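Read through the structure below, which is laid out as structure tokens, and then see the notes.
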Amino acid sequence: MTDPTPSAETARPRTLKRELGLPALIAYGLTSMGVLSVVSVYGPATALSDGHLPAAYVAAIIIMLFTAHSYGRMAAHVPITGGAYAYASRAFGSATGFLTGWVMLLDYLFLPMVNFLLFGLYFNSLFTGVPAWVGTLICIAIVALLSIIGVNWIKRMNSVVIIASVLVIVVFLTLAIMNAPDLSIEAVMTPLSIGEGGIGPILAAAAIVAFAFLGFDGVSTLAEETKDPRRRVPKGIVLATLFAGLGYLAFSIAGSLIVPDWTTLENLDAAGTELMQQAGGDVLMVVFVVVNVVGIVLCGTAAQMSVSRVLFAMGRDGILPPVLARLHRRFRTPYVAASLVSVVALVALFITLDQAVYMINFGALVAFAVVNLATIKVLFFDLRLRSGWGILRHLIMPVIGFASIAWLWTSLAPFTYVLGGVWLAIGVTVYLVRRRKSDGPLALQLDGAATEAMPTLQYQD
Numbered sequence: 001m002t003d004p005t006p007s008a009e010t011a012r013p014r015t016l017k018r019e020l021g022l023p024a025l026i027a028y029g030l031t032s033m034g035v036l037s038v039v040s041v042y043g044p045a046t047a048l049s050d051g052h053l054p055a056a057y058v059a060a061i062i063i064m065l066f067t068a069h070s071y072g073r074m075a076a077h078v079p080i081t082g083g084a085y086a087y088a089s090r091a092f093g094s095a096t097g098f099l100t101g102w103v104m105l106l107d108y109l110f111l112p113m114v115n116f117l118l119f120g121l122y123f124n125s126l127f128t129g130v131p132a133w134v135g136t137l138i139c140i141a142i143v144a145l146l147s148i149i150g151v152n153w154i155k156r157m158n159s160v161v162i163i164a165s166v167l168v169i170v171v172f173l174t175l176a177i178m179n180a181p182d183l184s185i186e187a188v189m190t191p192l193s194i195g196e197g198g199i200g201p202i203l204a205a206a207a208i209v210a211f212a213f214l215g216f217d218g219v220s221t222l223a224e225e226t227k228d229p230r231r232r233v234p235k236g237i238v239l240a241t242l243f244a245g246l247g248y249l250a251f252s253i254a255g256s257l258i259v260p261d262w263t264t265l266e267n268l269d270a271a272g273t274e275l276m277q278q279a280g281g282d283v284l285m286v287v288f289v290v291v292n293v294v295g296i297v298l299c300g301t302a303a304q305m306s307v308s309r310v311l312f313a314m315g316r317d318g319i320l321p322p323v324l325a326r327l328h329r330r331f332r333t334p335y336v337a338a339s340l341v342s343v344v345a346l347v348a349l350f351i352t353l354d355q356a357v358y359m360i361n362f363g364a365l366v367a368f369a370v371v372n373l374a375t376i377k378v379l380f381f382d383l384r385l386r387s388g389w390g391i392l393r394h395l396i397m398p399v400i401g402f403a404s405i406a407w408l409w410t411s412l413a414p415f416t417y418v419l420g421g422v423w424l425a426i427g428v429t430v431y432l433v434r435r436r437k438s439d440g441p442l443a444l445q446l447d448g449a450a451t452e453a454m455p456t457l458q459y460q461d
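The C-terminal residue of the sequence shown carries number 461 in the UniProt record's numbering, and the numbering is unbroken.
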């Protein structure tokens, strides 16, 4: 008697479904960052920069592009799901890889919660008799469904929302130019230059607005769902970061044209929406709200997709329970991991926006710093890619990227370090327990899609 061999119809799929091209990756990255998030921080960031917000965005774009470059270089050489977790494992071994992945979970688990909370607030403002937590639950349910049905549906929705977001910014910029009290070169260049207060206010604002770029790294977690990931994922990471930065910059320039003197703004916390109302009236405001609300849902979906892929990779490697590596038979998505994230997302009902942001900032900056160091270790030292532009791309630029991220650490609230330290301590405990149960070091496994994606690379712990 022989064991029946499962047919192609019933066998559980072992690889993610490759459906994404470069435009879809860029749209995913832009959605993860939230192109219209510039509206909410416009007032406080303008005040901090002393009216030179465009200059602060230029500085932030340059800062984040160095780290995006490191992600792109590693994505080209380690084109598997997992992002910073996979890169750290390749560079520094399983222990560092696990802890990097663990810290990434802090970022990716709480990033969708921010969107769920924001959706709840919007829901409550539209339906004043309904508590905000009802809207939060609705958003969690929608995102859970989208995360399971796969990237094909999501990439279509992302494209529509990104096109709409770009149109909102273009219309706003056009109206700003038409209604600007002064359209001279000086009026345009003054906010882009260093003011009387020196570079200090600009850098202080840059440290804040740089966090608007969090999410571009999520593109790296989609390597095994991308066609030709070695070429397309690196381009998707860098282009998404650049395009988001240009969108932020365009909005900030438009705002400075409409209201050259930022001190005349009545409410700094709502300055962005005030400018939009002033430029386009109620029609533009309604369009903005609709696009922003849909964007919040898709931003939450993008974040949830990222964390479920990290959990999938860690489950496949045996570092976390293998059940997390199960794929849906029809959609070939990590539905167990996605479902777990949705359950954890219920924490959003009991925390504040500020608390969620603390978690996100710590996790993201740790991952960014590690990826810059991993680029130097793997590409400059291990693979010795030093000829031609190699020294610039694999040593100098990652060093600048790491130094920039280290500088951003100085802008974090002290409480962030406490939360991050506790989370790391829990991670060390989990790793030691899992290692003891496995009777040996835990290692990144190259099975299924991983082997298919990178047949020539060998991993050593």
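Glycine residues also receive a C-beta, built at the ideal position from the N, C-alpha and C atoms. Only a predicted model underlies this, so the values are computations on that prediction, with no experimental measurement involved.
Once you ignore the five residues that flank residue i on each side, which residues in its own chain have a CB closer than 7 Å to its CB?
i, result
"Leu379", "Arg73, His77, Leu385 and His394"
"Tyr87", "Met74, Val78, Val371 and Ala374"
"Tyr85", "Gly97, Thr100, Gly101, Met104, Val310, Ala313 and Met314"
"Trp133", "Gly120 and Leu349"
"Thr221", "Thr81, Gly82, Gly83, Ser306, Arg309 and Val310"
Can you give me the C-alpha to C-alpha distance between residue i and residue j, rounded to a whole angstrom?
i, j, result
"Ala187", "Leu257", "7 Å"
"Arg329", "Ala206", "45 Å"
"Arg230", "Glu224", "10 Å"
"Asp182", "Ser40", "25 Å"
"Thr190", "Phe331", "52 Å"
"Val161", "Arg309", "23 Å"
"Glu274", "Ser125", "17 Å"
"Val357", "Leu109", "11 Å"
"Ala279", "Ala45", "20 Å"
"residue 466", "Phe368", "The displayed coordinates of the chain run from 1 to 461. Any statement about residue 466 would go beyond what the structure contains."
"Ser411", "Phe288", "30 Å"
"Val130", "Phe116", "15 Å"
"Ser147", "Tyr335", "8 Å"
"Trp407", "Gln355", "22 Å"
"Thr136", "Ala348", "8 Å"
"Ile202", "Gly363", "25 Å"
"Tyr42", "Met276", "11 Å"
"Ser306", "Ile391", "31 Å"
"Pro4", "Thr31", "At Pro4 the pLDDT is 46, less than 50, meaning the model places this residue with poor confidence; the figure from the coordinates comes in the next sentence. Going from the Cα of Pro4 to the Cα of Thr31 covers about 45 Å."
"residue 469", "Arg436", "The structure shown does not extend to residue 469, since the chain is modelled only from 1 through 461, so no value can be given for it."
"Ile360", "Gly82", "17 Å"
Taking Cβ positions, are residue i and residue j nearer each other than 8 Å?
i, j, result
"residue 463", "Ala68", "Nothing about residue 463 can be read from this structure; the chain reaches only from 1 to 461."
"Ala413", "Ala210", "no"
"Val371", "Ser89", "no"
"Leu365", "Phe402", "no"
"Phe127", "Val297", "no"
"Leu111", "Trp423", "no"
"Leu36", "Val168", "yes"
"Gln304", "Val341", "yes"
"Ala338", "Ala91", "no"
"residue 479", "Ala271", "No answer is possible for residue 479: it lies beyond the span of the chain, which begins at 1 and ends at 461."
"Leu20", "Lys227", "yes"
"Asp50", "Gly150", "no"
"Cys299", "Gly34", "yes"
Exposed or buried, residue i, counting other C-beta atoms within 10 Å across all chains shown (16 or more means buried)?
i, result
"Thr65", "Here residue 65 is Leu; the residue named in the question, Thr, does not match the sequence. Under this definition Leu65 is a buried residue."
"Val290", "exposed"
"Arg156", "exposed"
"Val323", "exposed"
"Val103", "buried"
"Pro398", "buried"
"Leu16", "buried"
"Thr301", "buried"
"Leu327", "buried"
With a CB to CB cut of under 8 Å and the five nearest residues on each side skipped, what residues in its chain are close to residue i?
i, result
"Gly245", "Tyr57, Ala60, Ile61, Met64, Leu65 and Phe213"
"Leu192", "His52, Pro54, Ala55, Val58 and Ile253"
"Asn267", "Gly43 and Glu274"
"Ser159", "Pro23, Ala24 and Ala27"
"Gly427", "Phe98, Leu99, Trp102 and Val103"
"Met285", "Thr273, Met276 and Gln277"
Helix or strand or just coil, what does DSSP make of residue i?
i, result
"Leu16", "coil"
"Gly198", "strand"
"Thr301", "helix"
"Thr226", "strand"
"Ser387", "coil"
"Phe380", "helix"
"Ser70", "helix"
"Pro6", "Unreliable placement is indicated for Pro6, whose pLDDT of 46 sits below 50; no coordinate value is reported for it."
"Ser49", "coil"
"Arg332", "coil"
"Asn158", "helix"
"Val130", "coil"
Any Cβ of chain D within less than 8 Å of the Cβ of residue i?
i, result
"Val39", "Protein chain content of the structure displayed is limited to a single chain, and chain D is not contained in it."
Here's a check: name, in chain order, each residue in its chain whose Cβ is nearer than 6 Å to the Cβ of residue i, leaving out the five neighbours to either side.
i, result
"Ala24", "Lys155"
Could you tell me whether any non-hydrogen atom of the ligand SAM is closer than 7 Å to the CB of residue i?
i, result
"Val336", "By its list of ligands, the structure shown contains no ligand whatsoever, and the ligand SAM lies outside what it can speak to."
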